[in-house]
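Those protein sequences? They're chains A and B, same order as listed. Count the first sequence with the working numbering and you get residues 1 to 237, in order. Count the second sequence with the working numbering and you get residues 1001 to 1322, in order.
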Amino acid sequence: MTALLHYLPLLGVLVVVAGFALRFNPVPVVVVAGIVSGLAAGKSVGDILALLGTSFVSERALLLYLLTLPAIGVLERAGLREHARNWIASLRSLTFPRLLIAYLGLRQILSMLGLTGVAGQAQTVRPLLAPMAEAAAEKRGAPLSMEERNDVRAFSAATDNVGLFFSEDVFIALGAVLLIQGFYAQHGIELQPLQIALWALPTAIAAFVIHAIRTVLFGRRILHSGMQAAREGQAAD
Amino acid sequence: MLTIEQAYWLIALFLAGAAILNLRERRWWHAAFWGVLAVLIAGGKFVLAASAAHHPLPAQLAGIGVIALAVLSPRMTRGTLSERDTAEREADALRLRHKLFGPALLIPLVTLLVALFGAYIVVDGVHLFDKTRMTLTGLALACVIALIAALWVTRARPMAGLSEGRRLLDTLGWAALLPLTLAALGGVFAATGVGTAIADLVRLLIPVDNALACVGAFGLGMVLFTVIMGNAFAAFPVLMAGIGIPLLIHRHGADPAILGALGMVTGYCGTLFTPMAANFNIVPVALLELPNQSDVIRAQWKTGALLLAVNLILMYLLIFRF
Chain A
1 MTALLHYLPL LGVLVVVAGF ALRFNPVPVV VVAGIVSGLA AGKSVGDILA LLGTSFVSER
61 ALLLYLLTLP AIGVLERAGL REHARNWIAS LRSLTFPRLL IAYLGLRQIL SMLGLTGVAG
121 QAQTVRPLLA PMAEAAAEKR GAPLSMEERN DVRAFSAATD NVGLFFSEDV FIALGAVLLI
181 QGFYAQHGIE LQPLQIALWA LPTAIAAFVI HAIRTVLFGR RILHSGMQAA REGQAAD
Chain B
1001 MLTIEQAYWL IALFLAGAAI LNLRERRWWH AAFWGVLAVL IAGGKFVLAA SAAHHPLPAQ
1061 LAGIGVIALA VLSPRMTRGT LSERDTAERE ADALRLRHKL FGPALLIPLV TLLVALFGAY
1121 IVVDGVHLFD KTRMTLTGLA LACVIALIAA LWVTRARPMA GLSEGRRLLD TLGWAALLPL
1181 TLAALGGVFA ATGVGTAIAD LVRLLIPVDN ALACVGAFGL GMVLFTVIMG NAFAAFPVLM
1241 AGIGIPLLIH RHGADPAILG ALGMVTGYCG TLFTPMAANF NIVPVALLEL PNQSDVIRAQ
1301 WKTGALLLAV NLILMYLLIF RF
């Protein structure tokens, strides 16, 4: 019986999985999961509300990216995305894989230096990288179909994520390494940050190689389907 | 002195402005949603201080606010917000050209400068930037400077900052809130013992004398737990305390530095698979106006899976060697 009680809070996890699988709106699903998990752990309603409230406001730094929106919005109104697209289209040799691999490499180097907040989905992907990637992909000579355009945008977002995640551990003064070091120190194992950071390097390199290869393959797929579309267009004429 | 708290006030101000614009357009649900969120962000410091002093009421009210946001968010339909005419945007783009990049690049540039040199800027014997979360304070400052530059370059009215910001905020809709809600869930999960329950389950299922099985359970456990929590930082202490330290380090003699580094990045692979990592995987879906919630995950899961295999192999080959 006590064993069962120990595992009861896992019901909250079940709520999350079921909610996402059934495609409910995630915000209420997540809040309900928190309440279920709290009730299953035998907490009072007052405690659960307080826990929910404090956990929420103590993470409010996660909303800082919203402050980029007014500046980006004003620039978009004056054609920032259009200009990003026009500019990339005018650079002949900048192909889709080259653009995205250069961004990936740059993002990884910046992350390694601890500069993770410099780029991001709101700051750089929506206003700059995504329209540039679309323009680069359209150099194949045929416009992107709606589906292809969405694929290109999603791949740009994915590239930003990969570039961010797998290099930040190489930087010694950043969250992850300090978290690892602090955790070990609590458990009586003393390590230098550099010892930990060094061993994150092979993964950072592997991430670059794997994602760069995938970018080339994705670019080739877009290119071929474009040439096919162009041929079919000519045949129709 | 510039502090992160002032940045929170700026966010609250922006959200309140967006609420008022929506109110004027009779978009009641949006107005209520951003209004409640503005109050929560502005009152954050007060709630935490009261809670630390064992006054639970403000925190409980904040909890009710979170539930209110959850009730409102299914009403946050994307709707049609008028954007400026495409032809006009194209014309401006041709006229302003690279000048448009300047303000956009100011955001990373100023953030970078504050991150690097902020600690050394002293005015009248007082540090200009508070040391806690200085980079994020720098980001907030960068956004203000970039907005001023953007208004200057485009000759737009200052109110355009609010109305255009509101356009993007409403495009994001409830997705803007999801990272925060999930972080809150992480806090609740941690406080209710979900983590230890999962680690105990994993240990019940594996043969503890087999080093390979322990490596596999640790690595896949990191991924699974990251997928559930949306965050490898939450997974790390749980899996380390449950499997990493007792089994891999003490029983099988693994090197802690390598195990720690590779364990964390193995968890990051999980971040690429999960909608729970909303700021990376769901927010861009809204920002890029993609049709399916899983579009970004679909674009990146193969990279994550291949990298996961690489990490597990590296872990097995390296942690017992050194």
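Here a beta-carbon is modelled for each residue, glycine too, at the ideal position from N, C-alpha and C.
Task: Residue from A:S90, A:I35, A:T68 with nearest C-alpha to V16 of chain A - done: Among A:S90, A:I35, A:T68, the Cα nearest to that of V16 of chain A is on A:I35.
Open item on the list: Less than 9 Å between the C-beta atoms of L1306 of chain B and W199 of chain A, yes or no?
Closed with: Cβ distance not < 9 Å, so L1306 of chain B and W199 of chain A don't count as in contact.
Task: Sheet register partners of H211 of chain A (DSSP bridge) - done: Per DSSP, H211 of chain A has no beta-bridge partner at all.
Task: Span of the alpha helix (DSSP H) around R1095 of chain B - done: In the DSSP annotation of this structure, the continuous segment of the alpha helix (DSSP H) that includes R1095 of chain B starts and ends at 1086-1096.
Task: Nearest-angstrom beta carbon gap, A1007 of chain B and T1135 of chain B [assumed within contact, 8 Å] - done: T1135 of chain B to A1007 of chain B, Cβ: 11 Å. No contact.
Open item on the list: Tell me which residue opens and which closes the alpha helix (DSSP H) that F1233 of chain B is part of.
Closed with: Element bounds for F1233 of chain B: 1232-1239.
TODO: Please list, in chain order, all residues of the same chain as L1162 of chain B whose beta carbon is under 6 Å from its beta carbon, the five residues on each side excluded.
DONE: The beta carbon of L1162 of chain B sits closer than 6 Å to the beta carbons of G1017 from its chain, once the five residues preceding and following it are set aside; these are given in chain order.
- [ ] Throw me the rounded Cβ distance for the G1065 of chain B and V1039 of chain B pair, which I believe falls under 8 Å.
- [x] The Cβ separation is near 7 Å, so the contact holds.
Open item on the list: Which residue wins for smallest C-alpha separation from Y65 of chain A, given the options A:H211, A:V216, A:A122?
Closed with: When only C-alpha atoms are compared, the closest one is A:A122.
Task: Close beta carbons around L958 of chain B, own chain, < 7 Å, minus the five adjacent residues each side - done: Beyond the ends of chain B as shown, which are 1001 and 1322, falls residue 958 of chain B; an answer cannot be given.
Open item on the list: So D1092 of chain B contacts chain A; which residues on that side make the cut at Cβ distance below 7 Å?
Closed with: Chain order gives the chain A residues near D1092 of chain B as A78, G79, where near means a beta carbon separation below 7 Å.
- [ ] Under 8 Å between beta-carbons, which chain A residues line up against P1256 of chain B? List them in chain order, please.
- [x] Here the neighbours are Y184, I189, L191.
TODO: List the DSSP bridge partners of H1127 of chain B.
DONE: The partner list for H1127 of chain B (beta bridge, DSSP) reads B:V1122.
TODO: Measure from the C-beta of E82 of chain A to each C-beta in chain B and report whether the shortest distance is under 9 Å.
DONE: Taking Cβ atoms only, chain B reaches closer than 9 Å to E82 of chain A, which makes this a yes.
- [ ] Spell out whether any CB of chain B is found under 9 Å from the CB atom of Q195 of chain A.
- [x] For Q195 of chain A, the nearest beta carbon of chain B is closer than 9 Å to its own beta carbon.
Task: Neighbouring residues, chain B, relative to L52 of chain A (Cβ below 7 Å) - done: For L52 of chain A, the residues of chain B that pass the 7 Å Cβ criterion are G1063, V1066, A1184, V1188, in the order they occur in the chain.
Open item on the list: Given this structure, state the Cα-to-Cα distance separating A1199 of chain B from L1262 of chain B, to the nearest angstrom.
Closed with: Each residue's alpha carbon lies about 18 Å from the other.
TODO: Would you list the one or two residues that DSSP bridges to L1002 of chain B?
DONE: DSSP lists B:F1129 as the beta-bridge partner residues of L1002 of chain B.
- [ ] Using three-state DSSP, classify H187 of chain A as helix, strand or coil.
- [x] Look at H187 of chain A here: in three-state DSSP terms it is coil, with no helix or strand label.
TODO: Could you check how far apart the C-beta atoms of L1180 of chain B and E59 of chain A are, in whole angstroms? I think they sit under 8 Å.
DONE: Indeed they touch by this definition, with Cβ atoms about 6 Å apart.
Open item on the list: Check this for me: beta carbons of T1266 of chain B and L1308 of chain B, under 9 Å apart or not?
Closed with: If you check the CB distance, T1266 of chain B and L1308 of chain B come in under 9 Å.
- [ ] State the start and end residues of the unbroken alpha helix (DSSP H) segment that holds D1295 of chain B.
- [x] Counted as a single uninterrupted DSSP element, the alpha helix (DSSP H) harbouring D1295 of chain B occupies residues 1295-1318.
Task: Contacting positions in the segment 7-36 of chain A - beta carbon closer than 9 Å to chain B - done: When CB distances to chain B are screened at a threshold of 9 Å, the residues of the segment 7-36 of chain A falling below it are Y7, L8, P9, L10, G12, V13, V16, V17, F20, R23, F24, N25, P26, V27, P28, V29, V30, V31, V32, A33, G34, I35, in chain order.
TODO: Flag this pair as yes or no: are the beta carbons of G1186 of chain B and G1230 of chain B separated by less than 9 Å?
DONE: For the 9 Å CB-CB criterion, G1186 of chain B and G1230 of chain B form a contact.
- [ ] Look at the Cβ atom of A325 of chain A, then the Cβ atom of V1285 of chain B, and state whether they are nearer than 9 Å.
- [x] Here chain A has residues from 1 to 237 only, and residue 325 of chain A is not among them.
TODO: Answer yes if the segment 1285-1305 of chain B comes into contact with the segment 143-151 of chain A, meaning at least three C-beta pairs across the two stretches below 8 Å, and no otherwise.
DONE: Yes, the segment 143-151 of chain A touches the segment 1285-1305 of chain B.
Open item on the list: Can you give me the C-alpha to C-alpha distance between S167 of chain A and I48 of chain A, rounded to a whole angstrom?
Closed with: Taking the straight line joining both Cα atoms gives about 37 Å.
Task: Sequence-distant residues of the same chain with beta carbon closer than 7 Å to P28 of chain A, five excluded per side - done: None.
Task: Cross-chain neighbours of N1022 of chain B in chain E, by beta carbon under 9 Å - done: Of the protein chains in this structure, namely A and B, none is chain E.
Task: Listed by chain order, chain B residues near P127 of chain A by CB distance under 7 Å - done: By Cβ distance, chain B contributes A1104.
Task: Every unbroken alpha helix (DSSP H) inside the segment 1153-1186 of chain B [4 residues or more] - done: Within the segment 1153-1186 of chain B, the complete alpha helix (DSSP H) runs of at least 4 residues are 1159-1172.
Open item on the list: For the alpha helix (DSSP H) containing K1045 of chain B, name the first residue and the last one.
Closed with: Element bounds for K1045 of chain B: 1044-1052.
- [ ] Step through the CB atoms of chain B and report whether any lies within less than 9 Å of the CB of Y103 of chain A.
- [x] Closer than 9 Å: no.
Open item on the list: Tell me which residue opens and which closes the alpha helix (DSSP H) that P9 of chain A is part of.
Closed with: Note, P9 of chain A: premise wrong, no alpha helix (DSSP H); not H, not E.
Task: Residues near V57 of chain A in its chain [Cβ-Cβ closer than 8 Å; skip 5 each side] - done: No residues qualify anywhere along the chain.
Open item on the list: Please return the same chain residues whose Cβ sits closer than 7 Å to the Cβ of Y1268 of chain B, not counting the five positions on each side in sequence.
Closed with: Closer than 7 Å at the Cβ level, and outside the excluded window around Y1268 of chain B, lie A1232.
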